[in-house]
Structures are given as C-alpha cells and as structure tokens.
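For the sequence shown, position 24 (counting from the first letter as 1) is numbered 24 according to the UniProt record's numbering, and the numbering increases by one without interruption.
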Amino acid sequence: MKAGARRNRLLSLPALIIIGIFGVLPLIIICVYSFLAAAPYGGVQWQFSTDAYLNFLFQRDIFDDTLQFTPDFLIIYLRSFLFAVVTTVICLLLGFPTAYFMATRPPAQRNWWVLLITIPFWSNLLVRTLAIMFIIRDEGLINNALLALGVIDKPITMLYTNFAIQLGLLYAFLPFMVLPLYSSLEKLDFRLIEAAYDLYATRRQVLWRVIIPLSKPGIIAGCLLVFIPALGAYVTPLILGGGVHLMIGDLIAQQFGSGRNWPLGCAQALILMAAVLVALFFYVRNTSGKVQHG
C-alpha cells in the first residue's frame, strides 16, 4: 500500500510542478505586486503600498490631497457582472432545449450533433469575433440584407454597442453550456419521464419535477463554465465594443499597457478573483445539497 501511494505521488509530481510554476507562482507574483508602489513608466517600485487597493474606489485630489470616491472602476465591474449574468441566463435558455434535443436523438446521431456543437472550437476566438464584426457592421451582411429587402432606409448601428458585446459573448460561450447539459441529460433515465406521464403529470410538471432536478449537475457546471470566463472576457468586448464599453478584462489590460500602473492592475485582478470565489462559495454551498438530492 505504501509503495502504491509513493508511486502515485511520483506520477502526479510533474503535474504538480507545472501547476506550481504556471499557476501558483504567477498568482503569488500578482499578489506581491499589488502591495507595491507603481513605477513612473511601468513596472513596480519595491516599497510597500496599499495605494492600488485604495485607488480602486478613491482618488486623491491634486490640490489638497483629500480622498474622493470615484465609482468608475466599480461601474465597470458591475457592467461586466451584468453581461456575464445575462450571457449565462440566455445560454441556459438556448442551451437546455438544444441539449435535450441532442440527448433524445438515436445513439447513432448524437455524435454528429456533438460534432456540430464543437465545430466553433476548431477556429480561434479572435477569428470568430472578427467574423461577427463583419456581419453586424454598418456595411455588413445583416444591414445589406435589410437594405436590399427595403426593411430599413439606413444601416442600423450594431457594432461598438452593448448589443454587439452581448452577441459576441453568447456566440463564444454557448457551446460551454450545451456540452455539460448534454452530458447530464444523456445519462437521464427516460423511463422516469414515461412513469411521470403514466401518473398523469403534465409536460410542465415533468420538466420542473423530473428533468430539471435530475439535470442540475449539468446546469450548475454549464453556468459556471459560462459565467466565469464571460466575466473576465477580453477579446470580445475589445473588438466588438471598440474600447468604448469596457469590461474587467480590458480594464486590467489597460493598467498594464497605457495606464502603466501594474500594482493597480494586479489589485483589480485579485479583487475580481476574490469576488468570483466568494460568489462560487455561497452558490455551491446553497446548491450542493439539492444536487445530491437530485
């Protein structure tokens, strides 16, 4: 038994080393940098400072050095949270019936449906986002089609708006919702559904009292896989938002680029991570019992 445990530790050692170097070590560096002073032209000065966390909500007046509340960063965080929540909800509403349809197909057809869902992953996210930009721009496919049909007189402005960002997030993360739901629904014992109908249950009762409770693990997994990356999305709001409608990912990138304030960027990243961890803690704590029951 001891030899087997020793062998298992040795086999897991390479993975632990990789996680430590590329996962834990950068996190430690970010945490240390967030408590340092910003250098004038980027980088950090090795002196302890909490200005990065203070500047997240406050700004010093240039005349009397007093602190003034500035909710700009907080507004961007709330906007990103709203985008992530809306993306998760819409992906769930679209992904659940799609996954249920795939799970109820004959076994020989299911692999083809999974293939169709995974095809977008074959191309880079940047390429797919640029494709959406060419579709919804003023001279894009949608506006040209509407103009040709006489539905509109002038192009509808869709690019560089909140609508464009939301559309891009939905397109990018919808497969992350469908696949966990399909994995959960595929294992569903459909004899329970037949039994519910035999007991004179309506379709709504079957959905809410049989299908959804039994598929809660897939729903939770899909919501987490969509919400977390959507909250920190960078490419989609940068391209489709035109740098006007910022999200958290763009805000943090600016601090390391044009802002030249590395400690503030590190602090913003840690605040985002802490908020996500706290939300996940309460979410899993409130749903773990229900999932086990389901």
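Where a beta carbon is used, it is the ideal one built from N, C-alpha and C, also for glycine.
- In this structure the segment 206-221 lies against the segment 179-195, because at least three pairs of beta carbons, one per stretch, are closer than 8 angstroms.
- In chain order, Ser215, Pro217, Gly218 place their CB closer than 6 angstroms to the CB of Ser184, counting only its own chain and leaving out the 5 sequence neighbours on each side.
- Of the residues Ile90, Tyr234, Trp113, the one whose Cα lies closest to the Cα of Phe101 is Trp113.
- Between Leu231 and Val276, the CB-CB gap stays under 8 angstroms.
- By the Cβ-count criterion, Gln109 is exposed, with fewer than 16 other Cβ atoms from all chains shown falling within 10 Å of its own Cβ.
- Distance check between Ser34 and each of Ala221, Leu246, Leu54 places Leu54 closest, using alpha-carbon atoms only.
- Val235 is a Cβ neighbour of Thr129, given a cutoff of 8 angstroms.
- Here Phe163 is not near Cys91, since their CB atoms are 8 angstroms or more apart.
- Counting C-beta pairs with one atom in each stretch, the segment 36-54 and the segment 256-267 have three or more that are closer than 8 angstroms, which means they touch.
- Under DSSP, Phe69 forms a beta bridge with Phe58.
- In the displayed model, Pro40 falls within a strand according to three-state DSSP.
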